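**Q** Protein chains in written order, with this note's numbering: chain A, -8 to 192; chain B, -8 to 192.
Once you've had a glance at the structure underneath, I'll fire off some questions.
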DNA sequence: ATCCGATTAAAACAAATGTTTAAACCGAAT
DNA sequence: ATTCGGTTTAAACATTTGTTTTAATCGGAT
């Protein structure tokens, strides 16, 4: 493990991550990864065994990076309202820098149903997180708390996933999209809190 | 064009649609399509020219089927509130029968950026639809109307797209998921209307 | 019955692709 | 300088995969 070792393996992994997130596992070739990373073809298998294993390593890291923040944010000491704001703001910032990531992640999670996700200890997130206990207390009777967590995720993540469609239907450009997402950092927490305290008709 | 002609071509198309929506273009082979449809390998190319053309035909029909309803529903004579309810209810029912479709559609739309979507006349939807005019009138000042359309889509579609993740994080099963989505048919319109009439702090 | 075009089948083709091999290379330790 | 482990390279391998070819088959019109 010299310096070049780390550097080469890392170069391959980074390049592969970019290509996989752009086009998915099936539409990326090992030759493409190698040449795009500027390394010899054989090195992909030399360092990672196979295309599949390389993919799994990347997938693991992507999911982990995505979840690590979530777990911390859902458990910190801020008030519920503050946690909500921080969570939304952080994730929208994160996704703005990696807009293709959620669609990639979800596409590939469907193919490898749960196999990877379960290795990452996501199962206990919901039961244990402080955020969810607080959410339950504020929840209108008759509506399951997961509905609101789902709403938060939906409002944050879907715009990035649905961007190809949104751009066609509403004819907004990249700059407008980013402005939209910026505005949503303040709007989404308000909307969620509004849902939790519905108008009493 | 005898009866068998239609039947065989249709059998291939239906099988391919199922496979493509499950695993995406790159992870499905022509041999798989043929054998899964119970027809000879050569017939895929005989009827559709190439794998790519077959895919495009299917993609076109899927998007069209998805948009056709939307266009009608966004323009009919019901009140705004009714349109909202009908739209949400219809789409959740549709997606419940084809839960893999949105993720497939969005994944492949990203790869073929806009090429297909623009052939389907989706561009004028936003400018012309009655629903959007009504939405603009009800929109709180300072927030772009598209935000609320985005919210509606997000709350309806994301649960299906994010199902692989949701199932792991919250440990809900298929039956629970469907119950959740059923409940959302009534909840989403309420939430959207709540957003349009924010509490005046 | 025969002919004809459309359809189906089996096999082959050519290119792409994941993987492996065997030798060359390189830097550091001896 | 030599040796040795890890690294890189070019080439080859074996399979997969999209596509084509060529012939057989089927059904209806003449």
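Every residue, glycine too, gets a C-beta built ideally from N, C-alpha and C.
Since the model is a prediction, treat every value here as computed from it, not as a measurement.
(1) Would you mind listing the alpha helix (DSSP H) stretches within the stretch 111 to 171 of chain A that are 4+ residues and don't spill past its ends, in chain order?
(2) Quick one: residues in its chain with C-beta nearer than 7 Å to the C-beta of residue 32/A, no 5 flanking neighbours on either side, listed in chain order?
(3) I'd like to know whether the C-beta of residue 65/A is nearer than 8 Å to at least one C-beta of chain B.
(4) So, with DSSP's three-state summary, where would you put residue 78/B?
(5) For residue 152/B, is the classification buried or exposed, using 16 other Cβ atoms within 10 angstroms of its Cβ as the cut-off for buried?
(6) Which residues in chain B sit within 8 Å of residue 117/A, going by Cβ to Cβ distance?
(7) So what's residue 89/A in DSSP terms, helix, strand or just coil?
(8) Since residue 56/A is in the alpha helix (DSSP H), which residue starts that stretch and which ends it?
(9) Would DSSP call residue 180/A helix, strand or coil?
(10) Need the endpoints of the alpha helix (DSSP H) that residue 32/A sits in, please.
(11) Is residue 102/B helix, strand or coil by DSSP?
(12) Beta-carbon of residue 35/A versus every beta-carbon of chain B: anything under 8 Å?
(13) Answer yes or no: do residue 63/A and residue 176/A have a C-beta to C-beta separation smaller than 8 Å?
(14) Using 10 angstroms around the beta-carbon of residue 150/A, count the other beta-carbons present and answer buried if the total reaches 16, otherwise exposed.
(15) Find the residues of chain A that neighbour residue 14/B, judging by a C-beta separation of less than 9 Å, and give them in chain order.
(16) Kindly examine the ligand GTP and report whether one of its heavy atoms sits closer than 7 Å to the Cβ of residue 79/A.
(17) Cβ of residue 154/B within 8 Å of Cβ of residue 90/B?
(18) Should residue 118/B go down as buried or exposed, given a rule of 16 or more other Cβ atoms within 10 Å for buried?
(19) So which residues on chain A does residue 185/B lean against when the C-beta distance must stay under 7 Å?
(20) What is the DSSP secondary structure of residue 187/B, reduced to helix, strand or coil?
(21) Using only the alpha-carbon positions, how far apart do residue 35/B and residue 85/A sit?
(22) In angstroms, rounded to a whole number, what distance separates the CA positions of residue 136/A and residue 27/A?
(23) Name the residue from 7/A, 143/A, 73/A and 129/A whose alpha carbon lies nearest to the alpha carbon of residue 43/A.
(24) Hey, how far is the Cα of residue 189/A from the Cα of residue 143/A?
(25) If the criterion is Cβ atoms closer than 8 Å, does the pair residue 87/B and residue 169/B meet it?
(26) Give the secondary structure of residue 21/B by DSSP, where H, G and I count as helix, E and B as strand, and everything else as coil.
(27) Any Cβ of chain A within less than 8 Å of the Cβ of residue 53/B?
(28) Taking just the CA atoms, how far does residue 50/A sit from residue 186/B?
(29) Look up residue 12/A in the DSSP assignment and say whether it is helix, strand or coil.
(30) Determine, using beta carbons only, whether residue 180/A comes closer than 8 Å to chain B.
(31) Residue 98/A touches chain B at which residues, Cβ-Cβ below 8 Å?
(32) Using a Cβ-Cβ distance under 8 Å, would residue 135/B count as near chain A?
(33) Residue 24/B CB to nearest chain A CB: under 8 Å?
(34) Which term fits residue -8/B, buried or exposed, when burial requires 16 or more other beta carbons within 10 angstroms of its beta carbon?
(35) For residue 127/A, count the other beta carbons within 10 Å of its own beta carbon; 16 or more makes it buried, fewer makes it exposed. Which is it?
(36) Return no unless some Cβ of chain A is closer than 8 Å to the Cβ of residue -6/B.
**A** On the basis of the supplied data:
(1) Segments of the alpha helix (DSSP H) lying fully in the stretch 111 to 171 of chain A: 116 to 119, 121 to 129, 136 to 152 and 154 to 161.
(2) As a first step, residue 32/A is located in the first chain; it is residue number 41 there, counting from the start. Hits under 7 Å: 21, 22 and 25.
(3) Stepping through the first chain from its first residue, residue 65/A is reached at position 74. Chain B contact via Cβ: absent.
(4) Taking the second chain and counting its residues from 1, the one referred to as residue 78/B is at position 87. Helix at residue 78/B.
(5) Taking the second chain and counting its residues from 1, one reaches residue 152/B at position 161. With at least 16 other beta carbons inside 10 angstroms of its own, residue 152/B counts as buried.
(6) Walking along the first chain from the start, residue 117/A turns up at place 126. Within chain B, the residues near residue 117/A are 160, 161 and 162.
(7) Sequence index remark: in the first chain, residue 89/A carries index 98 (1-based). It is coil, neither helix nor strand.
(8) Stepping through the first chain from its first residue, residue 56/A is reached at position 65. For residue 56/A, the uninterrupted alpha helix (DSSP H) run begins and ends at 42 to 66, by DSSP.
(9) One-based indexing of the first chain puts residue 180/A at position 189. Correct three-state label for residue 180/A: helix.
(10) Start at 1 with the first residue of the first chain, and residue 32/A comes out as number 41. According to the DSSP assignment, residue 32/A belongs to no alpha helix (DSSP H), since it is labelled neither H nor E.
(11) Within the second chain, the letter at position 111 stands for residue 102/B. Assigned with DSSP and collapsed to three states, residue 102/B falls in helix.
(12) Along the first chain, one-based indexing puts residue 35/A at 44. Residue 35/A does not count as touching chain B.
(13) Your numbering for residue 63/A matches position 72 in the first chain. Your numbering for residue 176/A matches position 185 in the first chain. Contact: no.
(14) Locating residue 150/A in the first chain gives position 159, where the first residue counts as 1. Around the Cβ of residue 150/A, a 10 Å sphere holds 16 or more other Cβ atoms; the residue is buried.
(15) Numbered from 1 along the second chain, position 23 holds the residue referred to as residue 14/B. Here the neighbours are 17, 101 and 102.
(16) The model on display carries no ligand, and the ligand GTP is accordingly not part of it.
(17) In the second chain, the residue the question calls residue 154/B occupies position 163. In the second chain, the residue the question calls residue 90/B occupies position 99. Result yes, Cβ atoms of residue 154/B and residue 90/B sit closer than 8 Å.
(18) Reading the second chain from its first residue, position 127 is the one you call residue 118/B. That one is exposed.
(19) What you label residue 185/B is simply residue 194 of the second chain in a count that begins at 1. By Cβ distance, chain A contributes 185, 186, 189 and 190.
(20) Start at 1 with the first residue of the second chain, and residue 187/B comes out as number 196. When DSSP states are grouped into helix, strand and coil, residue 187/B belongs to the helix group.
(21) Taking the second chain and counting its residues from 1, the one referred to as residue 35/B is at position 44. Taking the first chain and counting its residues from 1, the one referred to as residue 85/A is at position 94. Approximately 43 Å between the Cα atoms of the pair.
(22) Here residue 136/A refers to the residue found at position 145 when the first chain is read from its first residue. Here residue 27/A refers to the residue found at position 36 when the first chain is read from its first residue. Rounded to the nearest angstrom, the two C-alpha atoms are 46 Å apart.
(23) The residue you call residue 43/A lines up with position 52 of the first chain. Each of 7/A, 143/A, 73/A and 129/A was checked against the Cα of residue 43/A, and the nearest Cα belongs to 7/A.
(24) Numbered from its first residue, the first chain carries residue 189/A at position 198. Numbered from its first residue, the first chain carries residue 143/A at position 152. Rounded to whole angstroms, residue 189/A to residue 143/A spans 16 Å at the Cα level.
(25) To locate residue 87/B, count along the second chain from 1; it is residue 96. To locate residue 169/B, count along the second chain from 1; it is residue 178. In this structure, residue 169/B lies closer than 8 Å to residue 87/B by Cβ.
(26) Mapped onto the second chain, residue 21/B falls at position 30. Residue 21/B: helix per DSSP, three-state reduction.
(27) On the second chain, position 62 is the one that residue 53/B refers to. No, no contact with chain A.
(28) The residue labelled residue 186/B in the question sits at position 195 within the second chain. The residue labelled residue 50/A in the question sits at position 59 within the first chain. When rounded, the distance between both Cα atoms is 36 Å.
(29) Stepping through the first chain from its first residue, residue 12/A is reached at position 21. In the structure shown, residue 12/A adopts helical secondary structure according to DSSP, grouped into three states.
(30) Your numbering for residue 180/A matches position 189 in the first chain. Residue contact check for residue 180/A against chain B: no CB pair falls below 8 Å.
(31) One-based indexing of the first chain puts residue 98/A at position 107. Chain B residues near residue 98/A: 15, 94 and 98.
(32) As a first step, residue 135/B must be located in the second chain, where it is residue number 144. Yes, residue 135/B counts as interfacial toward chain A.
(33) Here residue 24/B refers to the residue found at position 33 when the second chain is read from its first residue. By this cut-off, residue 24/B is not an interface position.
(34) Reading the second chain from its first residue, position 1 is the one you call residue -8/B. Confidence at residue -8/B is low in this model, with a pLDDT of 42, below 50, so its placement is unreliable and no value can be given for it.
(35) Here residue 127/A is taken as the residue at index 136 of the first chain, counted from 1. Exposed.
(36) Translated into positions along the second chain, residue -6/B becomes position 3. Note that residue -6/B scores 45 on pLDDT, short of 50, meaning its location in the model is unreliable; the coordinates nonetheless yield the value given after this. Taking Cβ atoms only, chain A never reaches closer than 8 Å to residue -6/B, which makes this a no.
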